[in-house]
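Numbering of the sequence shown is given in numbering that gives the first Met the number 0, commencing with residue 0 and proceeding in unit increments.
For every residue, glycine included, the Cβ atom is placed at its ideal position computed from N, Cα and C.
Notes follow once the structure below has been shown.
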Amino acid sequence: MDPLNPIIDERGGQSRSTRRNALKLGLISSVASLPLGNAVAAPLGLSSIQTEPDSPNESPAPFPFHGLLENEGRSYSNWGQSHATKPAVYVEPVSYEDVQEVARNASRFPSPVSPVGSMLSVSKTMINDGGTLLCTKRLDEIIGLEIDSSGRQIVRVQAGCRLKKLHLWLQARGLEIPFQAEIGEATVGSVAVGDTKDSSIDAAGFFSVNVTSLVFVDQNGERFSLSEANDPIKFYEFKCSYGLKGIVVECGIAVRQATLTESRFHVVTSRTPQEFAETILKLRSGADAFFANVLLDKLYAIGDQRFKLGPGASTPSSSQPLFDRVRLDKRVKIQHGGIPRSNTEELRLPFEKLIYSRADFVNEYWRPTDTENRLDFQFYEHDLTNFGMVLEQSYEFTKSFEDKHGFVPNLWALYFVKRPESKVKPYGLYSSGPGISFSFDPIYSNPNDPKWQLFAQSYNRLAIKKLNARPSPIQTQWLVPGDLVIPKQLSHPRFTTPYYAQFLG
Ligand SMILES: Cc1cc2nc3c(=O)[nH]c(=O)nc-3n(C[C@H](O)[C@H](O)[C@H](O)COP(=O)(O)OP(=O)(O)OC[C@H]3O[C@@H](n4cnc5c(N)ncnc54)[C@H](O)[C@@H]3O)c2cc1C
0 MDPLNPIIDE RGGQSRSTRR NALKLGLISS VASLPLGNAV AAPLGLSSIQ TEPDSPNESP
60 APFPFHGLLE NEGRSYSNWG QSHATKPAVY VEPVSYEDVQ EVARNASRFP SPVSPVGSML
120 SVSKTMINDG GTLLCTKRLD EIIGLEIDSS GRQIVRVQAG CRLKKLHLWL QARGLEIPFQ
180 AEIGEATVGS VAVGDTKDSS IDAAGFFSVN VTSLVFVDQN GERFSLSEAN DPIKFYEFKC
240 SYGLKGIVVE CGIAVRQATL TESRFHVVTS RTPQEFAETI LKLRSGADAF FANVLLDKLY
300 AIGDQRFKLG PGASTPSSSQ PLFDRVRLDK RVKIQHGGIP RSNTEELRLP FEKLIYSRAD
360 FVNEYWRPTD TENRLDFQFY EHDLTNFGMV LEQSYEFTKS FEDKHGFVPN LWALYFVKRP
420 ESKVKPYGLY SSGPGISFSF DPIYSNPNDP KWQLFAQSYN RLAIKKLNAR PSPIQTQWLV
480 PGDLVIPKQL SHPRFTTPYY AQFLG
């Protein structure tokens with residue numbers, strides 16, 4: 000990447016000599032610099048203060064790393080306990096300067112340096128044996144609201160902030176972000192440069208589209224700011240980079256007034272996959288947004304037609320206690336990955352309509368053990384024009400797999416996402432220009448079950464090679480080189496793990 004403007008000490012990142020002089024003058028109270036946006040570290044007009052030149056025998060000490068550091072050979076696993084990695088060093092930075100020191104100091108923090116947040120992801124994206132695994136969980140402040148140069152209201156937040164925390168903070172202020180998928184623990188930094196899906200109302204349906212600015216640390220430990228306003232091309236590219244070009248430490252995200260949603264639920268049953276697909280498409284076109292849980296082998300679905308209601312930040316009391324019962328029931332089902340060999344009775348909902356705040360549906364999930372049922376899934380993006388074909392061929396594939404192996408996935412999740420112009424999303428998922436995408440994702444309850452793994456690997460071949468699906472390196476497992484290409488210019492060797500290297504092209 001061409002040099003961008005390094006962030007110069009606007010809100011807390013001082014040069015070492017300035018900081019030392021400030022310490023001498025008692026303007027800041029601690030050696031550890033605080034992150035951007037942290038009020039204590041504001042330089043208080045330091046530029047106008049006359050300071051002594053550095054004395055020659057007082058050369059600056061290297062910035063000490065203040066965060067958690069573990070280099071005794073521990074192993075770290077993802078949420079689903081399906082992948083584990085043994086980095087040479089694992090760090091949890093407590094300041095942006097910590098992140099900069101990690102990126103800069105290759106002898107202490109061996110390459111590749113790869114960022115993670117909550118380590119929820121189902122793929123091998125977090126595998127970094129022998130490198131440096133940098134977890135952003137201690138950089139999780141919500142810095143505040145601001146208005147950007149286009150007049151939009153923006154929430155500024157650190158990369159390790161979990162989505163549920165952000166939703167709650169915004170709800171308390173009558174605001175929301177349009178992406179309101181049920182996952183509360185994903186971190187802002189991960190979803191700002193990674194892949195997501197949500198049947199959102201009045202919005203595209205993937206998180207990064209609403210990110211309007213980023214602060215990141217590059218391979219030299221420099222901090223840069225990128226935004227739609229200062230360098231749109233580089234900014235849009237960076238949002239497709241999965242952390243391979245730098246570590247996100249802060250994001251600006253567009254917010255809007257919070258609104259309530261009405262969901263109308265429908266049971267869809269059909270005798271043929273063609274009829275099934277047509278009924279679902281009809282339901283979708285009659286709503287502001289549409290989501291479905293599908294038992295594909297039984298041609299049975301619960302469709303959720305979502306309609307935008309008026310302003311409102313929390314679920315009205317008239318919807319209680321039903322709403323909370325539904326929320327808790329869904330949370331347990333998602334946690335456990337649905338019900339193995341589900342039958343249609345278990346999916347049936349005892350109501351038809353619900354008015355609620357979608358932010359209230361965002362859940363926290365406990366970290367399961369490797370003997371518990373827990374969610375695992377595969378993610379495929381398709382163009383809406385292929386909907387009938389994808390449903391028919393996936394149905395045929397599932398039935399034939401069931402005949403041979405006595406296995407079917409518990410459920411399929413069906414999301415619809417509006418695609419923006421391709422200049423806004425130049426690479427990867429949703430990058431083919433304005434239109435509608437859908438994702439049709441099989442779900443199971445044990446990531447280590449050999450039959451599920453065989454199903455997922457075989458279905459990859461059908462979905463990616465024959466049905467032209469786009470997979471995600473974060474949310475699709477068992478990918479092989481050629482299944483997706485990440486342009487080399489979106490990466491730097493300092494941040495590129497062997498997992499990602501196989502997809503560069
Ligand atoms: C129970 C459950 C439910 C889910 N539901 C949904 C859903 O409804 N919709 C949906 O879209 N997804 C869903 N997901 C997937 C999840 O949202 C994504 O995998 C998300 O990326 C996880 O966030 P994380 O913080 O755990 O990322 P991690 O798994 O920790 O990291 C994933 C990758 O993100 C990148 N990354 C992380 N932090 C940074 C950073 N600071 N800078 C640059 N790159 C970074 C790296 O490439 C890293 O390998 C679900 C997952 C689970 C387990």
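Item to check | Expected contact under 8 Å - CB spacing of residue 289 and residue 282 to nearest Å | outcome: 6 Å
Next on the checklist: With the cut-off set at 7 Å, would you say residue 442 and residue 302 are in Cβ contact?
Outcome noted: no
Checklist entry - With a Cβ-Cβ cutoff of 7 Å, do residue 246 and residue 114 count as a contact? => result For residue 246 and residue 114, yes; Cβs fall inside 7 Å.
Item to check | C-alpha gap between residue 455 and residue 398, whole angstroms | outcome: 14 Å
Checklist entry - For residue 357, which residues from the same chain have a beta carbon less than 7 Å from its beta carbon, with the 5 sequence-adjacent residues on both sides left out? => result Same-chain partners within the cutoff: 179 and 260.
Checklist entry - Just how far apart, CA to CA, sit residue 117 and residue 310? => result 32 Å
Next on the checklist: Buried or exposed for residue 193, going by 16 or more other Cβ atoms inside 10 Å?
Outcome noted: buried
Checklist entry - Between which two residues does the alpha helix (DSSP H) containing residue 451 stretch? => result 449-459
Item to check | Sequence ranges, alpha helix (DSSP H) only - wholly within the stretch 183-247, length at least 4 | outcome: 187-192 and 231-237
Checklist entry - Would you call the stretch 359-368 and the stretch 416-429 touching, i.e. three or more CB-CB distances under 8 Å? => result no
Checklist entry - Does at least one heavy atom of ligand 1 sit under 6 Å from the Cβ of residue 443? => result no
Item to check | Alpha-carbon spacing of residue 77 relative to residue 124, whole angstroms | outcome: Computed Cα separation, rounded: 9 Å.
Item to check | Cβ distance (whole Å) where residue 257 is taken to contact residue 170 below 8 Å | outcome: 6 Å
Checklist entry - With distances taken between CB atoms, is the gap from residue 272 to residue 426 smaller than 7 Å? => result no
Item to check | Nearest-angstrom beta carbon gap, residue 408 and residue 80 [assumed within contact, 8 Å] | outcome: The Cβ separation is near 19 Å, so there is no contact.
Next on the checklist: Taking 7 Å as the threshold (C-beta atoms), are residue 159 and residue 131 in contact?
Outcome noted: no
Checklist entry - Using 8 Å as the threshold, is the stretch 208-225 in touch with the stretch 233-247, meaning 3 or more CB pairs across them? => result yes
Checklist entry - Would you call residue 175 buried or exposed, if buried means 16 or more other Cβ atoms sit within 10 Å of its Cβ? => result buried
Checklist entry - Beta carbon of residue 120: closer than 6 Å to some heavy atom of ligand 1? => result yes
Checklist entry - Near residue 67, what residues of its chain come up, given a Cβ to Cβ distance below 7 Å and the 5 sequence neighbours on each side ignored? => result Result list for residue 67: 90 and 91, in chain order.
Next on the checklist: Using C-beta distances below 6 Å, list every residue in its chain close to residue 162, excluding the 5 sequence neighbours before and after it, in chain order.
Outcome noted: 183 and 185
Next on the checklist: Going residue by residue through the stretch 390-429, where are the continuous alpha helix (DSSP H) segments of at least 4 residues, counting only ones entirely within it?
Outcome noted: none
Next on the checklist: Would the stretch 232-240 count as touching the stretch 138-145 if we require 3 or more Cβ pairs under 8 Å?
Outcome noted: no
Checklist entry - Three-state secondary structure (DSSP) at residue 50? => result Unreliable placement is indicated for residue 50, whose pLDDT of 39 sits below 50; no coordinate value is reported for it.
Item to check | Nearest-angstrom Cα separation, counted from residue 284 out to residue 121 | outcome: 31 Å
Item to check | Of the listed residues 241, 250 and 154, nearest to residue 484 (C-alpha basis) | outcome: 241
Checklist entry - Cα separation between residue 505 and residue 196? => result In the structure as shown, the chain starts at 0 and stops at 504, and residue 505 therefore has no counterpart that could be examined.
Next on the checklist: By DSSP's criteria, residue 250 is part of a beta bridge. Which residues make up the other side?
Outcome noted: 156 and 213
Checklist entry - Would the C-beta of residue 417 count as close to ligand 1, meaning under 6 Å from any of its heavy atoms? => result Using a cutoff of 6 Å, the CB of residue 417 does not count as near ligand 1, since none of the ligand's heavy atoms is closer than that.
Item to check | Three-state secondary structure assigned by DSSP to residue 85 | outcome: coil
Next on the checklist: Count Cβ pairs between the stretch 376-388 and the stretch 86-105 that sit closer than 8 Å; are there 3 or more?
Outcome noted: no
Next on the checklist: Taking 6 Å as the cut-off, is the beta-carbon of residue 125 closer than that to any non-hydrogen atom of ligand 1?
Outcome noted: yes
Next on the checklist: With DSSP as the reference, identify every bridge partner of residue 381, one or two as the case may be.
Outcome noted: According to DSSP, which records beta bridges pairwise, residue 381 is partnered with 437.
Checklist entry - Straight-line CA distance for residue 36 to residue 154? => result Low local confidence applies: a pLDDT of 34 at residue 36 is under 50, so the model's placement there is unreliable, with the coordinate-based value given in what follows. Whole-angstrom Cα-Cα distance: 12 Å.
Checklist entry - Per DSSP, what kind of secondary structure is residue 10 in: helix, strand or coil? => result Any reading at residue 10 must be qualified, since the residue scores a pLDDT of 36, below 50, and its modelled position is unreliable; no value is offered.
Checklist entry - Does ligand 1 have even one heavy atom less than 6 Å from the beta-carbon of residue 371? => result no
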